[in-house]
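First up is the structure itself, then whatever we jot down about it.
In the numbering used here, the protein residues as written are 1 to 204.
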């Protein structure tokens with residue numbers, strides 16, 4: 001999710017999938033400002049087509065971020081969202097009420113482990129996104145599966161820096177031994193890290 005991400009959506013934008021429009025309307029109705037931005041959503045929409053079995057997202061909010069891959073996924077692909085706020089869980093479940101392939105879990109992000117591994121896993125939180133090692137891609141991803149860590153500001157140096165020091169959470173994902181990763185600039189102020197789990201990488 002992104003700060004003021006809900007405000008990035010414009011009424012009457014005919015390029016948005018219908019499910020995304022529904023989720024944005026729900027987020028606005030419940031005063032939830034921190035939805036996935038459209039730039040990030042379009043990336044997830046594209047990546048979802050390459051996930052044949054399972055997709056998951058942490059920090060689902062009111063469902064905007066999950067609506068993008070749900071709109072781009074192949075038939076038969078299972079989608080899981082995890083949200084810790086009970087009210088937002090109810091909102092998201094209502095958004096996806098006509099989509100039995102989508103399940104919204106209530107609780108800490110670690111609940112995503114219950115139904116893995118995944119072909120596509122989206123971790124929210126920018127530089128704080130489970131870069132402490134708790135989220136193990138070798139355990140959470142299928143071999144060849146894709147990890148997306150969202151809501152970074154674009155890096156302009158190497159190593160990337162934050163507050164004058166090396167950006168350790170970002171480096172955690174860019175240099176993770178189980179992943180082949182890169183940073184994608186999605187907007188002048190927004191970037192995401194995308195990594196592929198190496199088939200011969202460490203096993204968690």
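We put the beta carbon where it would ideally sit given N, CA and C, even for glycine.
Minimum C-alpha distance to residue i - residue among the options
{"i": "residue 117", "options": "51, 7, 102", "result": "51"}
{"i": "residue 4", "options": "195, 190, 194", "result": "190"}
{"i": "residue 101", "options": "76, 154, 185", "result": "76"}
{"i": "residue 60", "options": "53, 111, 49", "result": "111"}
{"i": "residue 44", "options": "197, 83, 156, 147", "result": "147"}
{"i": "residue 137", "options": "180, 72, 18", "result": "180"}
{"i": "residue 17", "options": "8, 53, 47, 69", "result": "69"}
{"i": "residue 74", "options": "134, 173, 120, 149", "result": "120"}
{"i": "residue 149", "options": "72, 163, 156, 176", "result": "176"}
{"i": "residue 98", "options": "14, 19, 15", "result": "19"}
{"i": "residue 113", "options": "55, 14, 42", "result": "55"}
Proximity test, Cβ basis, 8 Å: residue i and chain D
{"i": "residue 188", "result": "Of the chains in the structure shown, none is chain D; there is only one protein chain."}
Where the beta strand (DSSP E) containing residue i begins and where it ends
{"i": "residue 121", "result": "118-123"}
{"i": "residue 56", "result": "54-58"}
{"i": "residue 236", "result": "The question about residue 236 has no answer here: the residues shown for the chain are numbered 1 through 204."}
Close-in-space but distant-in-sequence residues of the same chain around residue i (CB under 6 Å, 5 per side omitted)
{"i": "residue 57", "result": "65, 66, 81, 122"}
{"i": "residue 104", "result": "81, 89, 92, 93"}
{"i": "residue 160", "result": "167, 170"}
{"i": "residue 185", "result": "154, 191"}
{"i": "residue 72", "result": "45, 48, 49"}
{"i": "residue 53", "result": "119"}
{"i": "residue 142", "result": "117, 119"}
Start-to-end residues for the alpha helix (DSSP H) that takes in residue i
{"i": "residue 137", "result": "137-140"}
{"i": "residue 174", "result": "168-174"}
{"i": "residue 29", "result": "18-29"}
{"i": "residue 88", "result": "86-95"}
{"i": "residue 38", "result": "38-48"}
Residue i - partner residues in DSSP beta bridges
{"i": "residue 152", "result": "191"}
{"i": "residue 77", "result": "In the DSSP output, where bridge partners are listed per residue, residue 77 has none listed."}
{"i": "residue 180", "result": "196"}
{"i": "residue 70", "result": "Bridge partners of residue 70: none, in fact."}
{"i": "residue 82", "result": "58, 105"}
{"i": "residue 165", "result": "162"}
Neighbourhood of residue i by C-beta distance below 8 Å, restricted to the same chain and skipping five residues each side
{"i": "residue 6", "result": "24, 27, 28, 32, 33, 34, 35, 64"}
{"i": "residue 108", "result": "82, 84"}
{"i": "residue 152", "result": "126, 127, 170, 183, 190, 191, 192, 193"}
{"i": "residue 11", "result": "none"}
{"i": "residue 62", "result": "23, 26, 27, 30, 32, 35, 88, 91, 92, 95"}
{"i": "residue 134", "result": "110"}
Close-in-space but distant-in-sequence residues of the same chain around residue i (CB under 7 Å, 5 per side omitted)
{"i": "residue 86", "result": "106"}
{"i": "residue 187", "result": "39"}
{"i": "residue 144", "result": "196, 197, 199"}
{"i": "residue 8", "result": "37, 38"}
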